[in-house]
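Single-structure report; data block below.
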Amino acid sequence: MDELLRRVVSHTPETLDSDRQFPEAAVLVPVTRSEQPELILTLRASGLSSHGGGVAFPGG
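The sequence shown begins at 2 in this note's numbering and counts up one residue at a time.
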């Protein structure tokens with residue numbers, strides 16, 4: 002877990018060079034603090050009109 006945190010903190014974001022305009026966005030990646038770190042994901046309901054049945058981060 003310490004190595005994961007070190008790498009996240011030292012990461013430098015990249016800027017996209019594009020003529021297209023993109024909205025600003027952010028993603029929270031929930032990671033458990035257990036013996037083996039695990040990601041927390043949700044399965045979207047299959048009846049949703051947007052990305053139904055897809056796997057997503059909580060709240061996404």
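All C-beta atoms in this analysis are idealised placements derived from N, C-alpha and C, irrespective of residue type, glycine included.
Contact set for residue i: own chain, Cβ-Cβ below 8 Å, skip 5 residues either direction
| i | result |
| --- | --- |
| Arg34 | Met2 |
Boundaries of the alpha helix (DSSP H) in which residue i is found, first to last residue
| i | result |
| --- | --- |
| Val30 | Careful: Val30 lies outside any alpha helix (DSSP H) and carries neither H nor E. |
| Ser11 | Asp3 to Ser11 |
For residue i, the residue or residues it bridges with in DSSP
| i | result |
| --- | --- |
| Thr43 | Ala57 |
CB contact below 9 Å: residue i versus chain D
| i | result |
| --- | --- |
| Ala46 | The question asks about chain D, but that chain is absent: this structure has only one protein chain. |
C-beta atoms of residue i and residue j nearer than 9 Å
| i | j | result |
| --- | --- | --- |
| Val32 | Leu5 | yes |
The segment 14 to 30 in contact with the segment 49 to 57 per 3-pair CB rule at 8 Å: Too few Cβ pairs lie closer than 8 Å, so no.
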